[in-house]
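Residue numbers (the numbering used here): 12 to 426.
From the three backbone atoms N, C-alpha and C, an ideal C-beta is built for every residue, glycine too.
From a predicted model like this one, the values you see are computed outputs, not experimental measurements.
Let me begin by presenting the structure, written as structure tokens, before commenting on it.
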């Protein structure tokens, strides 16, 4: 438990903050500067004993309930080591999270673990709390997708969000393909063996480790030359960085080619058939926003997500934006050419969690904005922002606590 709880004179215990990501889950306590644990979002299925992903949207509800129950039990009793009945819960979620997943997770927390209350907080909105901002254009470049959502005066502009199924998973797939085709392996008995003849399939955790340790994002001019050489064999390719030797199983040495190190991340900035890339997502979102909000949003860019931790990512993204804004498609539509990226007080993969920890430390506000166990037991569901048949907001919050006007606006789509 947090140290200051043992020094205090009692009172309500600090909330548990959980950020369920597609690749990793961050968990810890409100009021702390970072998560206690970052663990893979996977668990052994209690029936088949196979390792399955926790964040799945295409399985039936009962199976999802079983998976989430095992995973939340792991968080509480192996990592956090606290009683779930004693602490409120803040769950950091994506705005694109399906309703049935939220309902199943809330059923696990309320019915099985009997937590006092649960708050589902949008990750983009929580991220700007780490900077003390009211308005920002937030990009979450995660494992499965990249999602951009503008926040203006504490209100998400839901009509302007943009997403692209491009993230860490796509990079891993491309990297694994390039390693199998281009790289060689040295063993104790021979050298220069093709990788598929030694290892039929590289585990994804190894691919991720190779990406984190060896790969980087090139600058704009170099990146354009790499993209041109990829589609035009006659184009001159820039000199590659040095090759890297990566140990496999302690007995094999994988020779990672230099051109793989700087080219694997180019897929994030290559425009597809619809002229979409992660850089165009930001500009397309700005075009959808009201014209009087664009200058404030463009000068307050916030990039979160694990993929954004690649070396050179932010520099390349800003260069791409400043290059694209000069093209006719955006030059005539946007009313601003000023772009600035904030540096949050946490790593990009933990920024949303830190925002939830800050919000969870405000116990009076947290109690008024959370869904209580009594309300859930009475109604059997949690209110959904996209459901018009939700009960009145005043019946959601605990008796005797009125939601503050500021936070009521912050979690609303109305002005």
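By the neighbour-count definition (other C-beta atoms within 10 Å, threshold 16), residue 375 is an exposed residue.
Its Cα nearest to that of residue 386, the residue 122 stands out among 177, 122, 184. Annotation for residue 209: the continuous alpha helix (DSSP H) segment containing it runs 206–209.
When beta bridges are read from the DSSP output, residue 37 appears opposite 30, 49. By the neighbour-count definition (other C-beta atoms within 10 Å, threshold 16), residue 311 is a buried residue. Secondary structure at residue 250: coil, using DSSP grouped into helix, strand and coil. From the listed residues 94, 380, 113, 180, the smallest Cα separation to residue 75 is found for 113. For the region 59–122, the full-length alpha helix (DSSP H) segments reaching 4 residues or more read 72–85, 110–118 along the chain.
Under the three-state reduction of DSSP output, residue 370 falls in the helix class. Out of 110, 357, 147, the CA that lies nearest to the CA of residue 44 is found in 357. Counting along the chain, residue 174 sits inside the beta strand (DSSP E) bounded by residues 173–175. Residue 161 has its alpha-carbon roughly 8 Å from the corresponding atom of residue 300. Residue state for residue 334 is assigned as helix, using DSSP reduced to three classes. By the beta-carbon neighbour count (other beta carbons within 10 angstroms, threshold 16), residue 348 is exposed. Residue state for residue 257 is assigned as strand, using DSSP reduced to three classes. Cβ atoms of residue 197 and residue 263 come within 8 Å of each other, at about 7 Å. In the DSSP assignment, residue 266 falls within the unbroken beta strand (DSSP E) covering 263–267. Nearest to residue 211 by C-alpha distance, out of 202, 187, 228, is 187. Using a 10 angstroms sphere on the CB of residue 331, the tally of other CB atoms reaches 16 or more, which defines it as buried. Counting only residues of its own chain and dropping the five nearest sequence neighbours on each side, residue 384 has a CB closer than 8 Å to the CB of 121, 125, 126, 127, 128. When the alpha-carbon of residue 177 is set against those of 366, 350, 290, 392, the nearest one is in 290. With contact defined as three or more Cβ pairs closer than 8 Å, the region 358–372 and the region 140–154 are in contact. For the pair residue 156 and residue 116, the CB atoms are not nearer than the 9 Å cut-off. For the 9 Å CB-CB criterion, residue 102 and residue 199 do not form a contact.
By the criterion of at least three beta-carbon pairs nearer than 8 Å, the region 309–326 is in contact with the region 164–182. Secondary-structure assignment with DSSP links residue 226 through no beta bridge to anything. Relative to residue 133, the option among 105, 147, 146 whose CA is nearest is 105.
In this structure residue 352 touches residue 314 by the C-beta definition: roughly 6 Å separates them, less than 8 Å.
Per the C-alpha coordinates, the member of 159, 99, 131, 267 positioned closest to residue 109 is 131. A Cβ-Cβ separation of about 16 Å leaves residue 229 out of contact with residue 333 under the 8 Å criterion. Burial state of residue 206 is buried, judged by a 10 Å Cβ sphere holding 16 or more other Cβ atoms. Going by DSSP, residue 154 is part of no beta strand (DSSP E) at all; its letter is neither H nor E. The alpha carbon of residue 391 has as its nearest neighbour, out of 53, 119, 145, the alpha carbon of 119. Between residue 97 and the set 26, 232, 243, the nearest pair of CA atoms involves 26. In this model, residue 209 and residue 49 are separated by some 32 Å (Cα to Cα). Judged by DSSP in its simplified three-state form, residue 126 adopts coil rather than helix or strand.
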